[in-house]
Amino acid sequence: MGWIMRLLVLTLSLVLVAGCEPDPPPPPRSVDTKPAETGAPLFAYAEKGKLRLMRAGAVVAELDADTGEQAEWAPDGSRFVAITGEQLVSIDARTGAIAKAACTCHDIAIAAGKVYASAEYGATELTAFDLATLKPQGPLKLDNGASSIAGAGDRLVTFQISQTGARDASELIIVDPATGKTTNAGKVGQVADTAFTPRGWSGGPLFAYATTGSTGAATAVAEVFWLDPTSSAEQTKTSDQELRQTTPNIAADDWNSSRDHLWWAADGTLRTAAWTWSCTYGGLNGPQCGEKSAHNQWRYDGAQWARTDERDLDSVLDIGAGSGLELGRGEEDKPLTLVEGQTRTVLSTHARQVWIPPQHGRPTGDSSPAALAKQWAPLVRLSQFDLAGPADPSDFIARSTLRWSHDNNCHDHHIAGDLDERVLGQGGYHHQAGGKPHYPLNRECPHEGDPLPSNHTEDVGSGEFLGPEGFFLDADNLAIAEIDDPHRSDGVNTAPVYWQHADQDGKPGGRVAVIYWLFYPINPNANPHEGDWERVAVVLDDETPVTMTFWGHGHACAMPWTDVEKADGHPVAYSAVLSHASYPRPGRNKQDIANPGDRWTTWQKLEPVTEQPWWGYTGAWGEGGPKHLRGPSGPSPGRGVGETFTTDKC
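The sequence shown lines up with residues -18 to -1, 1 to 632 when you count with mature numbering (1 follows the signal peptide of the UniProt record, and there is no 0).
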């Protein structure tokens, strides 16, 4: 419906709503038992009764011991620590030397140069050990019992039980062992796997975990969350829409998923195996469950998941130096293959678990301005009472005529209809500025000076190049009333968004920003006007976000990146009802109200503003008039970056 009808609907709404296994065979002869080069890739794997630490195809250390899933690499890959029966072992990855300590351990984590161990599920006290010697270092008390623990560099991640029941509820509490300070990053479900990297896609440390999300014996949806363990920001849940699209014919109530083998690659992306399954109910025989997709490999870059390997394998791991590991399918014992270029070496046919250290390469993803713009593009929550949603500015131009607004009470002049966007942006339309009328009551004013192009930046009588005197797009209000509708679908808006690169102080080499321009065909607030350009910006230092700028009502403000709300890795901005001003939080903001409604996924149709045919046009986008009632200026070369790098806090 058009915005006028929506206004009537809003007005009415506001009125109405004030077992035993045979011993496994020895490792294949193709596996060398001599030390390998120290630069070769590291990994560890377990069989029944065996634990091996490897450098490529060479065994660095081997233990006769049963090892469960509780093992962890030091963040720098220098040591590998595991629970082996009633012992804790720490293996030097360079020499193969092994330190041991008696320990009735349930779970372990490596953080800040120490090993932390819990004795049981729900333990409220952890025992600390020196990472290299495993000498006890004393206890660490927790506020609540821990269901699971994990290391994250110099932080200790604890999943502390907040509510007991058939499925305990927990909260993610990050502990800084050096200071004792804790940070609550939010609620969690049943943790299935964790992974840490010192350098993720953001260039800094990132921690991720997967949950089972089970709600019954025959239902479960796996979810993956990530966060920066050194910041105060809450965790971010990734979307599963890409995984859902692999089995589109399964009803939502019957759709289930699983994820396993969470790890970080050298390019700073998160990897996992994922698959879907569903169950049917067979009466007295109970539910009959089966997989609906193969165990495929997936990659997450901070914005979305993408499938990287469609073979049916438990895991495919990149271990550096052009090498990889392939873990095949199996109930318990699985084939493990080392892949070095074109050479494939079977390491084991009875592997049960594989661990790799964090990969330390600098993220190698596309760091071009366009890639950065897409990576950090915001999710804009439009107001649920929005009367005029986002639209394509080209559609606005197609429904407008170009006019010149004269100052000094003079008549406006028609310049052109049926506009060519490229001519508009390149300055192909011209008009002279007006002079003062010969007589006070005569509105037919003389023209002065040379004709000005539609991309001019000169002051023309008003003290600013956009004011009462100058070009403006005069829109057909009835024609533009519907141009936002094609972009709305099932609570998601996909109108185009335009990004602009900006250097601080106009000098390369320092901080940069990505400005996101958002267009609405009309602003129907208390000061209504045609056309409405809004914006937000992400400020980066060495490709890492540091702040986000929001243009609220009146002026811009900046919020530290760690405090910005995130959704699927994207920052979130809230668009105010009617005014469309941007804010970091929902609710009342100054004189604006932002009630989250439709999701504007700006990265789905993101375009560089400098490549738009209308780029260069410096006139108003909407009819002229008093300052707050005339169409605004849009993005253009002569506008500058304004308050993009403001230090005023939100």
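Think of the CB as a built atom: it goes at the ideal place given N, C-alpha and C, for glycine as much as any other residue.
Quick check on DSSP: helix, strand or coil for residue i?
i    : result
G171 : coil
V206 : strand
K587 : helix
H395 : strand
A370 : coil
F627 : coil
F447 : Annotation note: pLDDT 40 at F447 (below 50); position unreliable, no value reported.
L560 : coil
Q594 : coil
L116 : coil
A285 : coil
T106 : strand
D234 : The sequence given here places Ala at residue 234; Asp does not occur at that position. In this structure, A234 counts as helix in the three-state DSSP scheme.
K356 : helix
T176 : strand
I90  : strand
G407 : helix
Q324 : coil
I504 : strand
G616 : coil
Q223 : helix
D377 : helix
Taking the alpha-carbon positions, what's the residue i to residue j distance?
i    : j    : result
T77  : A288 : 38 Å
P578 : E205 : 23 Å
S561 : E512 : 12 Å
D487 : S618 : 17 Å
A202 : T194 : 6 Å
E605 : G620 : 21 Å
V405 : V591 : 16 Å
C261 : I131 : 32 Å
Q341 : D283 : 15 Å
T600 : N437 : 5 Å
L500 : G250 : 30 Å
A28  : T331 : 11 Å
T626 : L113 : 46 Å
W533 : T218 : 24 Å
S239 : N231 : 14 Å
G616 : A64  : 60 Å
K169 : I465 : 41 Å
A79  : T629 : 52 Å
A134 : T179 : 8 Å
P510 : D377 : 20 Å
P6   : R61  : Confidence is the limiting factor: at P6 the pLDDT is only 38, short of 50, which leaves the residue's position unreliable, though a coordinate-based value still follows. Between P6 and R61, the C-alpha separation is close to 26 Å.
Would you grab the beta carbon distance between residue i and residue j for me? Rounded to a whole angstrom, and I think it's under 8 Å.
i    : j    : result
A549 : T531 : 18 Å between Cβ atoms; not a contact.
S557 : A538 : Between A538 and S557 the Cβ distance is about 15 Å, and since that is not below 8 Å, they are no contact.
E322 : S305 : 5 Å
I379 : W596 : 6 Å
T254 : W280 : 6 Å
A477 : A484 : Actually they are not in contact, since the Cβ atoms of A477 and A484 sit about 22 Å apart, beyond 8 Å.
L309 : A333 : 6 Å
Report buried or exposed for residue i, applying the criterion of at least 16 other Cβ atoms within 10 angstroms of its Cβ.
i           : result
L307        : buried
G182        : buried
R311        : exposed
Q227        : exposed
H396        : exposed
V546        : buried
G302        : buried
G551        : buried
G598        : buried
D524        : exposed
E314        : exposed
residue 677 : With the chain running from -18 to 632 in the structure shown, residue 677 is simply not present.
G127        : buried
Y263        : exposed
V474        : exposed
P435        : buried
R570        : exposed
E593        : exposed
E440        : exposed
A563        : buried
Take every Cβ of the region 372 to 382, pair it with every Cβ of the region 465 to 472, and state whether three or more of those distances are shorter than 8 Å. yes
For the region 91 to 110 against the region 152 to 166, do three or more pairs of beta-carbon atoms, one drawn from each stretch, fall closer than 8 Å, so that the two count as touching? yes
Whether or not the region 37 to 52 and the region 105 to 121 are in contact is what I'm after, with contact meaning three or more pairs of Cβ atoms, one per stretch, closer than 8 Å; do they touch? No, the region 105 to 121 does not touch the region 37 to 52.
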